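J.:
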Amino acid sequence: TRESGFGDVGMNSFNHYAYGAVGEWMYKYMAGIDTDEEKPGFKHILFRPKPDTRQESEMPCGQERIQWVRASYESVSGTIEAAWYMEEDTFTYIVTVPKESYATLYLPVFDPNAETVTVDGKVYAADSFPREGDCLVLHLPCGKHQIEALR
Numbered sequence: 001t002r003e004s005g006f007g008d009v010g011m012n013s014f015n016h017y018a019y020g021a022v023g024e025w026m027y028k029y030m031a032g033i034d035t036d037e038e039k040p041g042f043k044h045i046l047f048r049p050k051p052d053t054r055q056e057s058e059m060p061c062g063q064e065r066i067q068w069v070r071a072s073y074e075s076v077s078g079t080i081e082a083a084w085y086m087e088e089d090t091f092t093y094i095v096t097v098p099k100e101s102y103a104t105l106y107l108p109v110f111d112p113n114a115e116t117v118t119v120d121g122k123v124y125a126a127d128s129f130p131r132e133g134d135c136l137v138l139h140l141p142c143g144k145h146q147i148e149a150l151r
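Just so you know, full-length UniProt numbering puts the end of the sequence shown at 151, numbered straight through with nothing missing.
1) Apart from the five residues on each side of it in sequence, which residues of its chain come closer than 6 Å, Cβ to Cβ, to Asp52?
2) Should the region 133-142 be called in touch with the region 104-115, which here means at least 3 C-beta pairs below 8 Å?
3) Among Lys39, Gly41 and Met26, which has the Cα closest to the Cα of Lys50?
4) Touching or not, the region 86-99 and the region 119-128, by the rule of three or more beta carbon pairs under 8 Å?
5) Cutting at 7 Å between CB atoms, please list the residues of its own chain near Ala126, excluding the five before and the five after it.
6) Any idea what DSSP makes of Asp127, helix, strand or coil?
7) By the 10 Å Cβ neighbour count, where 16 or more other Cβ atoms means buried, how is residue 176 classified, buried or exposed?
8) I'd like the list of long-range same chain contacts for Thr92, defined as Cβ closer than 6 Å, with 5 residues on each side in sequence excluded.
9) Starting from Ile80, trace the beta strand (DSSP E) in both directions and tell me its first and last residue.
10) Which stretch, first to last residue, makes up the beta strand (DSSP E) that contains residue 153?
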């Protein structure tokens, strides 16, 4: 209650599964940090960001589109970081892959007519990367990487 506060904290773990499930969803789908079950311990990291691409008509009244996400995870292999943001016509995704790990990025294709993708400041033809569904597939070594695509 407002007068008595939250109550006896000895009876509350503050680590309820329901909140953990939401956290997992945010890391996996919003930030895009995922595991490869065949390579445990985050030796191979899967990045699959799912930016907010809803149309105005699909959004609840009063809700704004999510324009950026940033997350980090302390894995047994080291710190994994993922962040993305959307600007007018560009989607930027920044990741950190720990030492002795590698990653596969499934980069969403927003504009099927986009001809280039920028990886760590270098411009590549979009068709130089394999496609899987609505994504371009990029293989990333350990280190920090910045990827930009038109949206």
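For glycine and all other residues, C-beta sits at the position ideal for the given N, C-alpha and C. Note that the structure is a prediction, hence the values are computed from the model and not measured.
T.: The relevant details are as follows:
1) Arg65 and Ile66
2) yes
3) Met26
4) no
5) Ala114, Glu115, Thr116, Val117 and Leu136
6) Of the three classes helix, strand and coil, the one that applies to Asp127 here is helix, per DSSP.
7) Limits of the chain in this structure are 1 at one end and 151 at the other, which puts residue 176 out of reach.
8) Tyr85 and Glu148
9) Taken as a continuous stretch (DSSP letters only), the beta strand (DSSP E) holding Ile80 covers Gly78 to Met86.
10) Outside the shown range of the chain (1 to 151) lies residue 153, about which nothing can therefore be said.
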